[in-house]
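2 protein chains.
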Amino acid sequence: MPNPTAAILIIGDEILTGRTREGNAHYLAGELAKAGIDLREVRIVGDVHATIVAAVRELSGGHDHLFTSGGIGSTHDDITADAVAEAFGAEIGVREDARAILAAHYAARNTEFNAARLRMARIPEGARLIENPVSAAPGFSIGNCHVMAGVPGIFQAMVASVLPGLSGGLPLVSASWRVMVPEASLAAELGQIAGAMPDLSLGSYPFVADGAYGTNLVVRGTDPARVAEGLARLRAAFPEGD
Amino acid sequence: MPNPTAAILIIGDEILTGRTREGNAHYLAGELAKAGIDLREVRIVGDVHATIVAAVRELSGGHDHLFTSGGIGSTHDDITADAVAEAFGAEIGVREDARAILAAHYAARNTEFNAARLRMARIPEGARLIENPVSAAPGFSIGNCHVMAGVPGIFQAMVASVLPGLSGGLPLVSASWRVMVPEASLAAELGQIAGAMPDLSLGSYPFVADGAYGTNLVVRGTDPARVAEGLARLRAAFPEGD
């Protein structure tokens, strides 16, 4: 059975203007590989309602899972929950379970539970809450779409809440071999090896170190024994590595 | 006249498996903001021909410019040039001008100009070459699509070759104000200010420092005087900042 597939949707003007360097997609990509869920696409869009709705529809329709990051805070530009609700044709409003979590959190901290904070209890009908052990305001899953915060520490905590509950597949295993040979000098033989081992993915990543050209060769697959065979074949073909 | 719009397409399995943290989109996002070109979407896809063709068609059709990164090297998984050619309905083959650039580069370095290196001279018919001062192998522009290398140093050099030739708009100007107030405590007033200054974009980005909640407020726009007015309004509304 093939592994389930996934897409990630990152939402936020601050990424597109270059202010913030996105890191949540990179983090989740590594976690998905370990869980045996094949990440097929990452998309970054701004804080625009219609754009988010269209992206959620397309990406949730085309993959087994969609994970979103950003836009579920308390301010005027946090519009993700409403856009996801529209994409799934669900009503949205303040939900009692989410409100109770926030009320308890703020009461324990003598913090005012104001209208802006109440906004974070807006959850689409039928969604399951995603626990936020950092700052209480929950994410949610609706259909195959998992909606999480953009703040990296909270995002990672929510990923830890969601991922164990999803059916994964075989984890991706990789091995690499670093050779001080320019990529183009090993391209022909590498292509032959890749053709002979179609169940593996062979990638080559050139680099320059101390003025000399080198290449990182990476073999990936879901069968550890086959990945080891692939690595052995690379080492035999390009013995100049380290 | 509104600023021109752009999308970025990043191509490479190594990003989706979590092996490599993408940085080219962040770099180009900053350059586009300075050039007055509005970045609307970033998309990351794997080394899959049909996926790249579809993404190039959609993103080049929906924006004034499309910039791509990755997949134009010498190995079997470098399939971007062929996919872009197909997306634009152009023939592709080894082009004499690109071949000559590579031949001169390798001759000067006593490096064999082998079949894999010749692959990097495959350029779609009608495309304009993008100079690569780092390692010679050129990128290219076809229609509104600018195809560049994934290696960060080469990508940045190609951006420097391409960007000055494009018509930009008004550069995006931003100013920020850091307050040690939780985001939700200023959300209501911030929303009012945002509503009163619709020509500006106001963003708020919560953080935690030494266990205390704070918020970075960012005001963005193309008119420096208005951005200064926005900043002054934020400082007056939230004087607890620094």
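Keeping their order, the protein sequence lines are chains X and D.
Residues in the first sequence are numbered consecutively from 1, following the working numbering.
Residues in the second sequence are numbered consecutively from 1001, following the working numbering.
Where is the CB? At the ideal position from N, CA and C, for every residue including glycine.
- 1111, 1112, 1114, 1115, 1116, 1117, 1119 and 1120: these are the residues of the region 1097-1126 of chain D whose beta carbon lies less than 8 Å from some beta carbon of chain X, given in chain order.
- Between residue 68 (chain X) and residue 163 (chain X), the C-beta gap is not smaller than 9 Å, which leaves the two residues out of contact.
- Rounded to the nearest whole angstrom, the CA to CA distance from residue 199 (chain X) to residue 1114 (chain D) is 28 Å.
- Excluding its 5 nearest sequence neighbours in each direction, residue 1091 (chain D) has C-beta neighbours in its own chain below 8 Å: 1085, 1124 and 1125, listed in chain order.
- The Cβ of residue 15 (chain X) sits closer than 9 Å to at least one Cβ of chain D.
- Residues of the region 1027-1043 of chain D with a C-beta less than 9 Å from any C-beta of chain X: 1027, 1028, 1029, 1030, 1031, 1032, 1033, 1034, 1038, 1039, 1040, 1041, 1042 and 1043, listed in chain order.
- Only exposed fits residue 1061 (chain D), as fewer than 16 other CB atoms lie within 10 angstroms of its CB.
- For residue 1155 (chain D), the enclosing alpha helix (DSSP H) begins and ends at 1152-1162.
- Unbroken beta strand (DSSP E) stretches of 3 residues or longer found wholly inside the region 73-108 of chain X: 92-94, given in chain order.
- At least 9 Å separates the CB of residue 200 (chain X) from every CB of chain D.
- Taking every protein chain shown into account, the CB of residue 165 (chain X) has fewer than 16 other CB atoms within 10 angstroms, so this residue is exposed.
- Residue 110 (chain X) and residue 155 (chain X) have their C-alpha atoms roughly 25 Å apart.
- A distance of 9 Å or more separates the beta carbons of residue 119 (chain X) and residue 142 (chain X).
- The three-state secondary structure of residue 166 (chain X), taken from DSSP, is coil.
- Chain D places no beta carbon closer than 9 Å to that of residue 63 (chain X), leaving this residue out of the contacts.
- Burial state of residue 1065 (chain D) is buried, judged by a 10 Å Cβ sphere holding 16 or more other Cβ atoms.
- Cβ neighbours of residue 1180 (chain D) within its own chain (closer than 7 Å, five residues either side excluded): 1212, 1214 and 1240.
- Excluding five sequence positions before and after residue 182 (chain X), the CB atoms of its chain that fall closer than 6 Å to its own CB belong to 213, given in chain order.
- Listed in chain order, the positions of the region 1150-1172 of chain D with a beta carbon within less than 7 Å of a beta carbon of chain X are 1151 and 1172.
- Within the region 175-187 of chain X, 176, 182, 183, 184, 185, 186 and 187 place their CB atoms closer than 9 Å to a CB of chain D, listed in sequence order.
- With a beta-carbon spacing of about 12 Å, residue 1206 (chain D) and residue 70 (chain X) fall beyond the 8 Å limit used to define contacts.
- In this structure residue 1172 (chain D) is not in contact with residue 1190 (chain D), their Cβ atoms being roughly 20 Å apart against a cut-off of 8 Å.
- Taking a Cβ-Cβ threshold of 8 Å, the residues of chain X close to residue 1194 (chain D) are 76 and 77, in chain order.
- Using a Cβ-Cβ cut-off of 7 Å, residue 191 (chain X) is close to 1075 and 1076 of chain D, given in chain order.
- A distance below 9 Å separates the beta carbons of residue 27 (chain X) and residue 152 (chain X).
- With a cutoff of 9 Å on beta-carbon distance, residue 1184 (chain D) and residue 1219 (chain D) are scored as not near each other.
- If you compare the alpha carbons of D:1134, D:1161, D:1133 and D:1136 with that of residue 1146 (chain D), the shortest gap goes to D:1161.
- Out of X:130, X:63 and X:167, the CA that lies nearest to the CA of residue 159 (chain X) is found in X:130.
- Around the beta-carbon of residue 148 (chain X), 16 or more other beta-carbon atoms lie within 10 Å, marking it buried.
- Close partners of residue 1046 (chain D) in chain X (Cβ separation under 7 Å): 40.
- Beta-carbon to beta-carbon, residue 16 (chain X) and residue 1039 (chain D) are separated by about 5 Å, close enough to satisfy the 8 Å threshold.
- In the displayed model, residue 139 (chain X) falls within a strand according to three-state DSSP.
- Close CB contacts of residue 49 (chain X) within its chain, under the 6 Å cut and outside five residues either way in sequence, are with 79 and 83 (chain order).
- Taking 8 Å as the upper bound on Cβ-Cβ separation, chain D lies near residues 218 and 220 of the region 216-237 of chain X.
- At a beta-carbon threshold of 8 Å, none of the residues of chain X lie near residue 1240 (chain D); the nearest stands roughly 16 Å away.
- Per DSSP, reduced to three states, the secondary structure at residue 117 (chain X) is helical.
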